[in-house]
Amino acid sequence: MPLSKKKRIHSWPVRICHWINLLAMIGMVMSGWGIYNADPIFPFTFPQSTTLGGWLGGNIAWHLAVMWLMAANGLFYVVWGIFTGHFRRDFFPFTPRTVWRDTVRALTFHLPHKLGQYNAVQKLMYVGVLLLGVLLVLSGLSIWKPVQFSGLVWLFGGFDIARYVHFFAMSGVMLFVVVHVLMVLLVPKTFVAMITGGKKISTEESADE
Ligand code: HEM
């Protein structure tokens with residue numbers, strides 16, 4: 001007989017890390033847009049009201065300060081997710097077929113949602129945003145300390161390309177947030193569970209199909 005024990009839909013480390021990450025992301029993106037504005041790589045700048053820090057020195061100070069919060073929080077979440085088996089259990093498996101099936105279901109409003117069980121689109125998106133996070137950190141290190149991390153700069157194909165990579169990875173996260181929030185709006189009860197933890201369910205109930 002399979003062993004089953006009770007656990008919350010979202011355990012406390014997931015919830016704490018998720019909401020700290022959101023705050024840190026807002027700080028990183030807004031200060032990052034301010035830094036971008038000082039030397040844009042595209043023919044547009046971000047409105048001053050969407051930036052953080054007031055002037056370039058302030059933008060950089062915010063970016064580097066919030067960076068530590070984000071790195072510590074992200075590192076804890078990733079190590080915790082790997083060692084507790086959370087990633088393996090809840091983010092996998094998914095295949096192109098299940099992602100396609102759940103995309104069609106979501107677009108036609110036929111996607112069933114069971115709290116504590118991610119659909120294939122969510123799994124792909126969560127793994128994708130984690131990889132984008134890794135890319136943001138590596139490209140960010142390259143443009144922050146290009147001399148110390150010259151090997152990384154070389155891997156990216158140079159400082160300028162690392163800047164583009166950093167920008168596009170940020171854009172990817174922004175796209176993630178838009179789709180992610182739309183999906184939450186489709187099933188608002190997931191939002192409550194991400195704050196309170198939700199009811200206790202047996203681990204079998206939350207297992208993958
Ligand atoms: C940069 C911003 C964000 C990132 C990177 C992010 C990332 C994630 C990740 C990785 C998960 C899965 C957590 C896990 O099981 O370990 C998740 C779940 C969730 N997120 Fe976000 N999130 C962001 C913003 C938001 C925002 C703004 C909201 C609120 C509207 C939100 C609401 C939720 C909810 C409700 C869940 C649980 C979904 C479910 O149970 O089906 N997230 N998020």
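So for the sequence shown, UniProt numbering puts the first residue at 1; every next one is plus one. The C-beta atom is built at its ideal place from N, Cα and C for all residues, glycine as well. In this text the structure is predicted, and so the values were computed from the model without any measurement.
| message | Any contact between the stretch 65–75 and the stretch 41–50? By contact I mean 3 or more CB pairs, one from each, below 8 Å. | response | With the rule of 3 Cβ pairs closer than 8 Å, the stretch 65–75 does not count as touching the stretch 41–50.
| Three-way DSSP call (helix, strand, coil) for residue 189 in this model | Assigned with DSSP and collapsed to three states, residue 189 falls in helix.
| said: Does the stretch 93–104 come into contact with the stretch 114–130, if we say contact requires no fewer than three beta-carbon pairs (one atom in each stretch) closer than 8 Å? | reply: In short, these stretches touch, since the Cβ pair count reaches three.
| query | Would you report the Cα separation of residue 179 and residue 135, rounded to the nearest angstrom? | reply | Each residue's alpha carbon lies about 20 Å from the other.
| Cutoff 8 Å; reference residue 15; Cβ partners in own chain excluding five residues on either side | 194, 195, 197, listed in sequence order.
| Looking at the unbroken alpha helix (DSSP H) that takes in residue 123, where does it start and where does it end? | Run containing residue 123: 120–144, per the alpha helix (DSSP H) assignment.
| query | Any idea what DSSP makes of residue 117, helix, strand or coil? | reply | For residue 117, the secondary structure class from DSSP, reduced to helix, strand or coil, is strand.
| task | Determine the direct distance from the alpha carbon of residue 43 to that of residue 84, and round the result to whole angstroms. | result | Cα to Cα, the separation comes out at about 45 Å.
| message | So, for residue 138: in the same chain, excluding its five sequence neighbours on each side, which residues have a beta-carbon less than 7 Å away from its beta-carbon? | response | Taken in chain order, the residues that qualify are 152.
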